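Participant: The UniProt record's numbering numbers the first residue of the sequence shown as 1 and each following residue consecutively.
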Amino acid sequence: MNAMNAEPKPGRTRTDSGIEAIGSVSETLANARNFCTAVSSFTSETGFQAINNLFEVIPQQEAVIRQRDENVQELNSKLSSQQNAHEIYSKKLLLEFEHRYDEWKEDKDELQSDIQELETTREEQDTEIKKLGQQLRDCEVKLADYEKEHTQMTKRLKEKDQQFVAIEARLQKSRDEANDCKKELKKSLDKVAALEKSLGDEENDHRILKEEATTVKERLKEFVQFSVKIKELDLPVVSAQLEALWVSAIKTIEKFFGGNLSEPLLQSDWSALHDNSVFKNQIPLPQSNSDIAKKMRVATIVGMFARLIDKFIFQPTYLSTEDSGLREVLRRQAMAEPKKERYTRGILLATLPKDQDEISKDVILYTVEDMLENVKVRVFLNPDALEAFKKALESLVAQFQEQWKTIQRGRQKLELSFSYSINIKHPWYVLDAPARIPEGVKRSGAHPFTGKAEDDTVVIPRVYLMGTGPQPDPITHGYVIGKAQLDAAAEEVRKDSSNGPFVQESSNRNRNRPARTITGDMTARRNNGSRFLD
1 MNAMNAEPKP GRTRTDSGIE AIGSVSETLA NARNFCTAVS SFTSETGFQA INNLFEVIPQ
61 QEAVIRQRDE NVQELNSKLS SQQNAHEIYS KKLLLEFEHR YDEWKEDKDE LQSDIQELET
121 TREEQDTEIK KLGQQLRDCE VKLADYEKEH TQMTKRLKEK DQQFVAIEAR LQKSRDEAND
181 CKKELKKSLD KVAALEKSLG DEENDHRILK EEATTVKERL KEFVQFSVKI KELDLPVVSA
241 QLEALWVSAI KTIEKFFGGN LSEPLLQSDW SALHDNSVFK NQIPLPQSNS DIAKKMRVAT
301 IVGMFARLID KFIFQPTYLS TEDSGLREVL RRQAMAEPKK ERYTRGILLA TLPKDQDEIS
361 KDVILYTVED MLENVKVRVF LNPDALEAFK KALESLVAQF QEQWKTIQRG RQKLELSFSY
421 SINIKHPWYV LDAPARIPEG VKRSGAHPFT GKAEDDTVVI PRVYLMGTGP QPDPITHGYV
481 IGKAQLDAAA EEVRKDSSNG PFVQESSNRN RNRPARTITG DMTARRNNGS RFLD
């Protein structure tokens with residue numbers, strides 16, 4: 001538009017100059033006619049000398065007219081050339097406008113940020129329109145009142161002729177106000193029209209964006225179907241439930257193994273139980289019914305149970321075996337990129353859900369079987385107690401698994417660790433005598449720090465919240481057996497070793513536990529369901 005309004009370049013003749021020349025010729029012809037009229041007039045009124053002078057002027061005027069005609073033709077020729085130049089210039093301007101239009105399309109994206117400002121302006125103008133509408137209605141009311149008053153005054157004009165001037169002035173003022181209101185209304189209507197046009201453009205843009213958003217949502221729904229729903233965990237509730245499960249496990253094991261054993265059981269061979277020891281400091285097992293012997297039996301079985309739960313139940317998915325390394329991979333991923341780990345875990349949990357449900361049921365049975373057969377706790381139980389303990393153990397493992405399913409589907413990554421570390425907020429609890437285990441989850445006394453982590457043996461692990469920080473934070477307490485208790489049990493073993501029928505092996509010897517046996521059905525399900533994970 002600026003190019004159209006620009007001044008003509010130097011050296012170019014304006015096209016309107018010929019039009020001015022044409023106007024001058026018309027004036028000359030008019031002057032000639034006037035001149036002839038004047039000559040006629042002068043001929044009738046003056047002498048021969050005046051007529052002779054007029055005849056001398058006529059040739060001059062004819063020469064001027066011919067010169068003007070030539071100028072007109074020359075100007076018409078220039079006008080034609082100027083029109084051709086104008087067409088070329090217009091085409092050039094059109095190309096320039098097309099280029100600017102392309103630039104405008106690129107700038108259009110930048111104008112999207114102004115939408116919100118326009119919306120705000122529209123709302124302000126809507127408010128202004130409402131105010132103007134109210135003012136218009138007020139003015140119309142005033143106008144109606146004034147017109148009514150004017151009608152009444154007209155009827156009483158003869159009686160109140162002296163008041164006519166004042167009434168007419170008031171009427172004119174009202175009309176002026178009405179006209180002003182009409183002008184304001186017109187301005188408001190113009191603004192409304194502009195806003196409606198702007199709103200239409202915005203609605204079109206909104207429609208396009210909405211269509212794009214719908215497409216994106218459909219794709220997101222498709223991707224969401226590939227993963228289970230991951231929810232935010234209520235960590236205080238989860239930690240309290242885990243603590244309660246560990247307390248329940250301790251109570252159950254104390255119920256079956258924390259009492260007095262018969263003499264035949266005390267004199268039986270416990271070497272199989274020693275062979276299954278996986279503790280850093282092997283727990284001595286005095287074969288007696290002393291308080292310390294009961295504590296050590298309970299601690300050993302609780303510790304073995306905790307390790308079986310950690311190994312078989314607390315897995316990211318039951319499609320892969322516990323030795324596949326997947327759990328460690330996800331743990332490392334959670335410390336590096338929590339979102340990626342959470343997404344991977346959700347996809348794994350959504351993979352072959354029926355197989356996972358079937359295997360999860362089998363895992364409960366095999367965990368119980370491993371506890372009874374490989375850990376050899378059946379040596380402490382008679383047949384009736386063995387069956388009752390098996391049912392109680394299945395119930396416990398199922399509860400741990402159900403709790404773990406909630407944790408598996410949580411946004412936060414939780415992991416267990418048997419490593420000993422100091423934490424003031426979540427100190428270690430000492431696995432105490434049966435009479436000292438409280439009913440609730442909270443305990444009044446924490447494990448006293450000995451100064452050496454290797455002096456204490458972790459029986460029940462802590463649960464840690466994995467993150468990108470230098471160290472994960474524990475959310476549960478965990479249980480240990482203190483060095484004083486271990487020393488007391490070892491002393492009793494040394495005293496009784498000379499009289500007992502079996503000699504306990506050295507606590508420093510490393511032993512390998514036999515591998516868990518898996519039936520053909522479960523092996524087939526795992527192979528079919530987790531080949532790409534192993």
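Think of the CB as a built atom: it goes at the ideal place given N, C-alpha and C, for glycine as much as any other residue. Because the structure is a prediction, the values reported are computed rather than measured.
Have a look at residue 257 and residue 392 and give me their C-alpha separation to the nearest angstrom.
Facilitator: About 13 angstroms.
Participant: Using CA coordinates, which residue listed in 373, 406, 382 and 333 is at the minimum distance from residue 313?
Facilitator: Out of 373, 406, 382 and 333, 406 has the C-alpha closest to the C-alpha of residue 313.
Participant: What span of residues does the beta strand (DSSP E) with residue 458 cover, start to end?
Facilitator: Run containing residue 458: 457 to 460, per the beta strand (DSSP E) assignment.
Participant: With distances taken Cα to Cα, identify the nearest neighbour of residue 369 among 416, 386, 409 and 355.
Facilitator: For residue 369, the nearest C-alpha among the options comes from 386.
Participant: State buried or exposed for residue 172, treating a residue as buried only when at least 16 other CB atoms are found within 10 Å of its CB.
Facilitator: By the 10 Å Cβ count, residue 172 comes out exposed.
Participant: What residues in its chain sit with their C-beta under 6 angstroms from that of residue 402, if we drop five residues either side in the sequence?
Facilitator: Around residue 402: no qualifying Cβ.
Participant: Per DSSP, what are the beta-bridge partners of residue 463 in this structure?
Facilitator: In the DSSP output, where bridge partners are listed per residue, residue 463 has 416.
Participant: CA-CA distance, residue 509 and residue 371?
Facilitator: Residue placement at residue 509 cannot be trusted, given a pLDDT of 34 that sits under 50; what the coordinates show is reported in the next sentence. Rounded to whole angstroms, residue 509 to residue 371 spans 22 angstroms at the Cα level.
Participant: In the DSSP output, which residue or residues are listed as bridge partners for residue 480?
Facilitator: Per DSSP, 430 and 458.
Participant: When the Cα of residue 548 is compared with those of 31, 358 and 409, which residue comes out closest?
Facilitator: The chain is shown from 1 up to 534; residue 548 falls before or after that span and cannot be answered.
Participant: To the nearest angstrom, report how far apart residue 318 and residue 360 are at their CA atoms.
Facilitator: One C-alpha to the other measures close to 6 angstroms.
Participant: Look at the alpha carbon of residue 536 and the alpha carbon of residue 364, and state the distance between them as a whole number of angstroms.
Facilitator: Outside the modelled stretch of the chain, which goes from 1 to 534, sits residue 536, for which no answer is possible.
Participant: Between residue 535 and residue 316, how many whole angstroms is the CB-CB distance? I'm expecting something under 8 angstroms.
Facilitator: Nothing about residue 535 can be reported from this structure: the residues present for the chain run from 1 to 534 only.
Participant: Under 9 angstroms, do residue 210 and residue 125 count as touching if we go by C-beta distance?
Facilitator: No, these two residues do not count as a Cβ contact at 9 angstroms.
Participant: Output the residue ranges of the alpha helix (DSSP H) runs that lie fully inside the segment 78 to 148 and measure 4 residues or longer, sorted by chain position.
Facilitator: Counting whole runs of 4 or more residues, the segment 78 to 148 contains no alpha helix (DSSP H) stretch at all.
Participant: Could you give the C-beta distance for residue 466 and residue 331, rounded to a whole number, given that I count them as a contact under 8 angstroms?
Facilitator: Sure, about 6 angstroms apart at Cβ, within 8 angstroms.
Participant: Pick from 26, 415, 472 and 473: whose alpha carbon is nearest that of residue 61?
Facilitator: If we check each option's Cα against that of residue 61, 26 comes out closest.
Participant: Consult DSSP for residue 362 and reduce its assignment to one of helix, strand or coil.
Facilitator: In the structure shown, residue 362 sits in a helix (DSSP, three-state: H, G or I).
Participant: Taking the straight line between their C-alpha atoms, what separation do you get for residue 420 and residue 458?
Facilitator: C-alpha separation (whole angstroms): 7 angstroms.
Participant: For residue 239, collect the residues of the same chain with a Cβ closer than 6 angstroms to its Cβ; drop the 5 residues on either side in sequence, then sort them by chain order.
Facilitator: Taken in chain order, the residues that qualify are 475 and 476.
Participant: Taking Cβ positions, are residue 112 and residue 205 nearer each other than 9 angstroms?
Facilitator: Yes, these two residues count as a Cβ contact at 9 angstroms.
Participant: My assumption, with CB atoms under 8 angstroms, is that residue 139 sits in contact with residue 194. Please give the rounded CB distance.
Facilitator: Their Cβ separation, rounded to whole angstroms, is 23 angstroms, which puts residue 139 and residue 194 out of contact at 8 angstroms.
Participant: In the structure shown, what three-state DSSP assignment does residue 325 receive?
Facilitator: Reduced to three states, the DSSP call for residue 325 is coil.
Participant: By the 10 Å Cβ neighbour count, where 16 or more other Cβ atoms means buried, how is residue 120 classified, buried or exposed?
Facilitator: So residue 120 ends up on the exposed side.
Participant: In the DSSP assignment, find the unbroken alpha helix (DSSP H) run with residue 346 in it and report its ends.
Facilitator: Its alpha helix (DSSP H) spans residues 338 to 350.
Participant: Using the beta-carbon count (16 or more within 10 Å), is residue 464 buried or exposed?
Facilitator: Per the 10 Å Cβ criterion, buried.
Participant: Using the DSSP secondary-structure output, state which residues sit across from residue 410 in a beta bridge.
Facilitator: Answer is 231.
Participant: Could you spell out where the alpha helix (DSSP H) holding residue 302 opens and where it closes?
Facilitator: Note, residue 302: alpha helix (DSSP H), 291 to 308.
Participant: If we call anything under 9 angstroms between Cβ atoms a contact, is residue 489 one with residue 286?
Facilitator: Yes, Cβ-Cβ distance for residue 489 and residue 286 is below 9 angstroms.
Participant: Measure the C-alpha to C-alpha separation of residue 431 and residue 480 and round it to an integer number of angstroms.
Facilitator: Cα to Cα, residue 431 sits roughly 6 angstroms from residue 480.
Participant: Give me the residue from 254, 249, 289 and 241 with the minimum Cα distance to residue 264.
Facilitator: If we check each option's Cα against that of residue 264, 289 comes out closest.
Participant: Assess, as a yes-or-no matter, whether the segment 159 to 176 is touched by the segment 94 to 107 under the definition of 3 or more beta carbon pairs within less than 8 angstroms.
Facilitator: No, the segment 94 to 107 is not in contact with the segment 159 to 176.
Participant: Whole-angstrom Cβ separation of residue 377 and residue 301, contact assumed at under 8 angstroms?
Facilitator: Residue 377 to residue 301, Cβ: 6 angstroms. Contact.
Participant: At which residues does the alpha helix (DSSP H) containing residue 266 begin and terminate?
Facilitator: It spans 263 to 266 - the alpha helix (DSSP H) in which residue 266 sits, taken as one unbroken run.
Participant: How would you label residue 487, buried or exposed, when you count the other beta carbons within 10 angstroms and need 16 or more for buried?
Facilitator: Label assigned to residue 487: exposed.
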